[in-house]
Amino acid sequence: VNILEQRIKHVHNAWAKERVKVFARRWVHVALKREAHFYNKLDASKVRTEAGKVDSQLMEKLLQLDYIESFGDDELRGKRKALVKRINDDLLPKADKLFEQAKSLAEYDDAETASINTPPSVNSDSDSQS
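Just so you know, we're using this note's numbering here: the sequence shown kicks off at 373 and counts up by one.
Here it is as structure tokens:
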């Protein structure tokens with residue numbers, strides 16, 4: 373579980389860095405009218421995928437904890453219950469929030485890419501009237 377907590381922090385840091393790159397890319401495009409050379413389109417999708425993996429791994433850990441038999445051992449039952457509570461109350465909400473943020477960033481990035489790659493429309497009505 374501690375490893376998964378570290379992965380959540382790692383993915384959060386990756387999301388924060390990617391967020392900066394996505395918005396910097398937008399600024400370079402709008403302000404300087406050119407493509408940002410530092411930008412890799414797949415990075416936002418990779419962060420979304422990593423966030424989804426962490427969420428899945430936490431759910432897998434919950435299933436594994438569910439299969440642990442305590443055989444009446446109160447200490448073991450208490451430890452299992454504490455881990456389940458920690459995952460449900462702390463780690464899963466963080467992972468879910470991170471996934472939603474990464475998903476939102478990837479969707480924003482897709483929309484920005486589409487707008488950057490779409491040439492400006494030419495008004496054909498004014499051409500035909502001249």
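Here a beta-carbon is modelled for each residue, glycine too, at the ideal position from N, C-alpha and C. Note that this is a predicted model, so its numbers are computed, not measured.
- Secondary structure of V394 (DSSP, three-state): helix.
- In this structure, I459 sits near V373, with a CB-CB distance shorter than 8 angstroms.
- The C-alpha of K451 is placed about 37 angstroms away from the C-alpha of E390.
- With respect to the C-alpha of Y480, the residue from I375, Q378, D415, R379 having the closest C-alpha is D415.
- By alpha-carbon distance to H384, the top candidate from L437, A474, V456 is A474.
- Scanning V456, D445, S417 for the CA closest to the CA of E472 turns up S417.
- Pairing A454 with S442, the inter-Cα distance amounts to about 13 angstroms.
- By the criterion of a C-beta distance shorter than 7 angstroms, V456 is surrounded in its chain by L434, L437, once the five residues flanking it on both sides are discounted.
- The criterion of a C-beta distance shorter than 8 angstroms is not satisfied by D482 and D427.
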